[in-house]
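Notes to accompany the following structure.
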């Protein structure tokens, strides 16, 4: 009797598994190299032929990183990214809810128009926005960094699509139960939209944490640099401190990884088990 | 508890679709009123206008004498049970029931008391900490009802609450809802497309078709004296047989398509009132009897038919039979099972026959036989 066991499957596709393993190695290798380099003595980093494992493990690079301006850029980035993520969630989930559940004249046309703006690359609007922020006196400020990214068409689209799946009757039941619209949004819609929110948190946090160009343009004081800008600054004009750069890179990845691990439960669960259907 | 008055209520959707036209009726305080009709007849729209989920295009609805057209749903003090239950998926049963009470700022112990009480009535006590996804359809239905009763609202609205349940559970919930109504003595409006639910549960039934009220009456009156052909065909299962017939010149025989039937005096007089003495004669399947049952029937008052299809259900038998060019359905006791293709002699009960106008479909009163 033939059984469809997992053992059988593994031996069925040896090539597939070999290819998958190869892909895994290609993906993970740079990260492994980065991490290992960050704990190697400087002399071993550029040694030829290359050595993977350090002869002695050192945290020297991390110590230097911590005492440099990079530490304060971590704080800057945290403040900026958390602000962007929170405002993005709030603003766009409200917009998405309106597009998904309120009937108003021109709703579809307005939404199409919003979607159309996704075709305009960010670089095109960068200079006009820069000039606008200059007039508003928001250059070299966190507000100037956070504000332009707050309303995101992608985020509105994501929230709208998800919220369209929330049955109208649930909202109507809440209205009949006496909920006002803000309360309905906060107590019924947002909890039900958790999978979409988790997805958006991951995307937004990652994007804002890694944002380089805009942060470089708008922030003039070194004390206000965010992590990607500070990281780039480690890459000196005449020479690069590779140990420091690798240590900085490792530290940069950690918060993003943390957010993903925190949110993945909701992210993966999705709508499948949210129990909306009868 | 409250009386609800619908006064010339109309609804036209923004796309021009007319859902309800000039609906006027009263839901007496403490009554169980059923709105029934085929899908798209405007029954759900009427209910949603009562709840405040749809605007009222014309006319007015008042509860306890107060016009509520402009009152937002949350201030109408009405509870609604939805077809898909509409439970809050992220809340437990207890939280679902407590939600409306918390919004009203009721004291914690009062909320607990009401939830315990409702849970006891509905048999939900063991499930209070479950989430909706962990429950069966029938249990969710009970929670939806529980969420309504804890509020002690002025009126309960039910929008096809049983249509997602399987047949057996539906029968059980039907009687439970009826018992609940007797216990609470609350005003309830119940929407359904199922005439059996309407007949078994309602004190008063409002039959709707294409946005217009066809008849407002008690279940038995709807059955015995339907006001038009639509109501006659909608109420009762299997549906009433309709035979187009013309009164012959002798004034004693009705001619159908390919058959004739001797008339009672009353039927002859009723047919005589129609244009060209032509009318739609309605006979319910249960009012057709086999001649063996009614051996005294005069020989000219018999419909000779051929059994086309026989459906024995145990307690009763439905027989589809060809009479001339028409097909009719008869309903017999379960112990009489004719064979397909066999010849039947059917005797209509002339005291329970109906006549409708051939164009308007309105009922033509049959005078009492004297």
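Chains as they are written, first to last, in this note's numbering: chain A, 56 to 333; chain B, 696 to 1065.
Just so you know, even glycine gets a beta-carbon here, dropped at the ideal spot from N, CA and C.
Since the model is a prediction, treat every value here as computed from it, not as a measurement.
* Asked: Secondary structure at residue 110(A), three-state DSSP: helix, strand or coil?
  -> To locate residue 110(A), count along the first chain from 1; it is residue 55. Of the three classes helix, strand and coil, the one that applies to residue 110(A) here is coil, per DSSP.
* Which one or two residues does DSSP pair with residue 161(A) in a beta bridge? -> The residue labelled residue 161(A) in the question sits at position 106 within the first chain. Beta-bridge pairing links residue 161(A) to no other residue.
* Under a three-way DSSP split, which group does residue 739(B) fall into? -> Reading the second chain from its first residue, position 44 is the one you call residue 739(B). Helix, per DSSP.
* For residue 125(A), is the classification buried or exposed, using 16 other Cβ atoms within 10 angstroms of its Cβ as the cut-off for buried? -> By one-based count along the first chain, residue 125(A) stands at place 70. Buried.
* Note down, in chain order, each residue of its chain lying with its Cβ closer than 8 Å to the Cβ of residue 113(A), except the 5 sequence neighbours on either side. => For this step, residue 113(A) is matched to residue 58 along the first chain. Around residue 113(A): 94, 95, 96.
* Which residue's Cα is closest to the Cα of residue 888(B): 871(B), 856(B), 834(B)? -> Start at 1 with the first residue of the second chain, and residue 888(B) comes out as number 193. Of the listed residues, the one whose Cα sits closest to residue 888(B) is 856(B).
* To do: Please list the partners that residue 868(B) has in chain E, where partner means a Cβ-to-Cβ separation under 7 Å.
  => In the structure shown, chain E cannot be found, because the protein chains are A and B.
* To do: Return the residue from the list 895(B), 883(B), 1018(B) that minimises the CA-CA distance to residue 865(B).
  => Mapped onto the second chain, residue 865(B) falls at position 170. Taking only the C-alpha atoms, the option nearest residue 865(B) is 895(B).
* In chain B, which residues lie with their C-beta within 7 Å of the C-beta of residue 336(A)? -> As displayed, chain A neither begins before 56 nor continues past 333, which places residue 336(A) out of reach and without an answer.
* Under the three-state DSSP convention, the category residue 829(B) falls into -> As a working mapping, residue 829(B) is identified with position 134 in the second chain. Helix at residue 829(B).
* Taking only heavy atoms of the ligand ATP into account, decide whether any of them is closer than 7 Å to the Cβ of residue 256(A). => No copy of the ligand ATP occurs in the structure displayed, which carries no ligand at all.
* Neighbourhood of residue 261(A) by C-beta distance below 6 Å, restricted to the same chain and skipping five residues each side -> Taking the first residue of the first chain as 1, we reach residue 261(A) at position 206. Cβ neighbours of residue 261(A) beyond the five flanking positions: 311.
* residue 706(B) in three-state terms, based on DSSP -> Residue numbering aside, residue 706(B) sits at position 11 when the second chain is read from its first letter. In this structure, residue 706(B) counts as strand in the three-state DSSP scheme.
* **CB contact below 8 Å: residue 773(B) versus chain A** => Position 78 of the second chain holds residue 773(B). Yes - at least one Cβ of chain A is within 8 Å of the one on residue 773(B).
* Asked: Within the 8 Å Cβ cut-off, does residue 327(A) reach chain B?
  -> Indexing the first chain from 1 puts residue 327(A) at position 272. At residue 327(A), the pLDDT of 44 sits below 50, so the modelled position is not reliable and the matter cannot be decided from this model.
* Kindly say whether residue 794(B), judged by its beta-carbon, lies nearer than 8 Å to any beta-carbon of chain A. => Here the question's residue 794(B) lines up with position 99 in the second chain. Interface residue, yes.
* Apart from the five residues on each side of it in sequence, which residues of its chain come closer than 7 Å, Cβ to Cβ, to residue 905(B)? -> On the second chain, position 210 is the one that residue 905(B) refers to. If we look at residue 905(B) and ignore the five residues flanking it on each side, its Cβ neighbours are 736.
* Asked: DSSP on residue 361(A), reduced to helix/strand/coil?
  -> In this structure chain A extends from 56 to 333, so residue 361(A) is not present and cannot be described.
* Can you list the residues of chain B that residue 227(A) reaches, using a CB-CB cut of under 9 Å? -> Numbered from its first residue, the first chain carries residue 227(A) at position 172. Chain B residues near residue 227(A): 743, 746, 748, 768, 775, 777, 781.
* Asked: Between the segment 239-254 of chain A and the segment 808-817 of chain B, do three or more beta carbon pairs fall short of 8 Å?
  -> Per the Cβ contact rule, the segment 239-254 of chain A is not in contact with the segment 808-817 of chain B (fewer than 3 Cβ pairs under 8 Å).
* At a Cβ cut of 7 Å, what residues of the segment 884-918 of chain B count as close to chain A, listed as they run along the chain? -> none
* Contact the segment 214-231 of chain A vs the segment 759-776 of chain B: 3+ CB pairs below 8 Å -> yes
* Asked: Beta-carbon of residue 237(A) versus every beta-carbon of chain B: anything under 8 Å?
  -> Start at 1 with the first residue of the first chain, and residue 237(A) comes out as number 182. So, not an interface residue.
* Can you find a CB in chain B that lies within less than 8 Å of the CB of residue 109(A)? -> Sequence index remark: in the first chain, residue 109(A) carries index 54 (1-based). By this cut-off, residue 109(A) is not an interface position.
* In three-state terms, what does DSSP make of residue 876(B)? -> Within the second chain, the letter at position 181 stands for residue 876(B). Helix, per DSSP.
* Asked: Whose C-alpha, out of 140(A), 81(A), 101(A), 129(A), is nearest the C-alpha of residue 356(A)?
  -> In the structure displayed, chain A extends from 56 to 333; residue 356(A) sits before or after that span and is not available.
* Asked: Which same chain residues, not among the five before or five after residue 330(A), have their C-beta less than 7 Å away from its C-beta?
  -> Translated into the one-based positions of the first chain, residue 330(A) becomes position 275. Note that residue 330(A) scores 41 on pLDDT, short of 50, meaning its location in the model is unreliable; the coordinates nonetheless yield the value given after this. Within the same chain, residue 330(A) has no close Cβ partners at all.
* From the beta carbon of residue 785(B), is the nearest beta carbon of chain A less than 8 Å away? -> Working through the second chain from its first residue, we reach residue 785(B) at position 90. Yes, because at least one Cβ of chain A sits closer than 8 Å to the Cβ of residue 785(B).
* Assuming residue 729(B) contacts residue 833(B) (C-beta within less than 8 Å), just tell me the rounded distance between them. => Locating residue 729(B) in the second chain gives position 34, where the first residue counts as 1. Locating residue 833(B) in the second chain gives position 138, where the first residue counts as 1. Not quite, the Cβ-Cβ distance comes to about 21 Å (not below 8 Å), so this is no contact.
* Under the three-state reduction of DSSP, which class applies to residue 854(B): helix, strand or coil? -> Here residue 854(B) is taken as the residue at index 159 of the second chain, counted from 1. In this structure, residue 854(B) counts as strand in the three-state DSSP scheme.
* Asked: Could you check where the beta strand (DSSP E) with residue 973(B) kicks off and where it finishes?
  -> Taking the second chain and counting its residues from 1, the one referred to as residue 973(B) is at position 278. Note, residue 973(B): beta strand (DSSP E), 973-978.
* Where do the N-terminal and C-terminal ends of the beta strand (DSSP E) with residue 757(B) fall, by residue? -> As a working note, residue 757(B) is residue 62 in the second chain. Where residue 757(B) is concerned, the enclosing beta strand (DSSP E) stretches over 753-758.
* CA-to-CA distance, residue 1038(B) to residue 997(B), given in whole angstroms -> As a working note, residue 997(B) is residue 302 in the second chain. As a working note, residue 1038(B) is residue 343 in the second chain. Their backbone Cα atoms lie some 12 Å apart in a straight line.
* Do you know how far the Cα of residue 156(A) is from the Cα of residue 237(A)? -> If you number the first chain from 1, residue 237(A) lands on position 182. If you number the first chain from 1, residue 156(A) lands on position 101. Rounded to whole angstroms, the separation of the alpha carbons of residue 156(A) and residue 237(A) is 14 Å.
* Residues bridged to residue 940(B) (per DSSP) -> For the purposes of this step, residue 940(B) is taken as the residue at position 245 of the second chain. In the DSSP output, where bridge partners are listed per residue, residue 940(B) has 974(B).
* Name, in chain order, the residues that DSSP records as bridge partners for residue 923(B). => As a working note, residue 923(B) is residue 228 in the second chain. Answer is 1057(B), bridged to residue 923(B).
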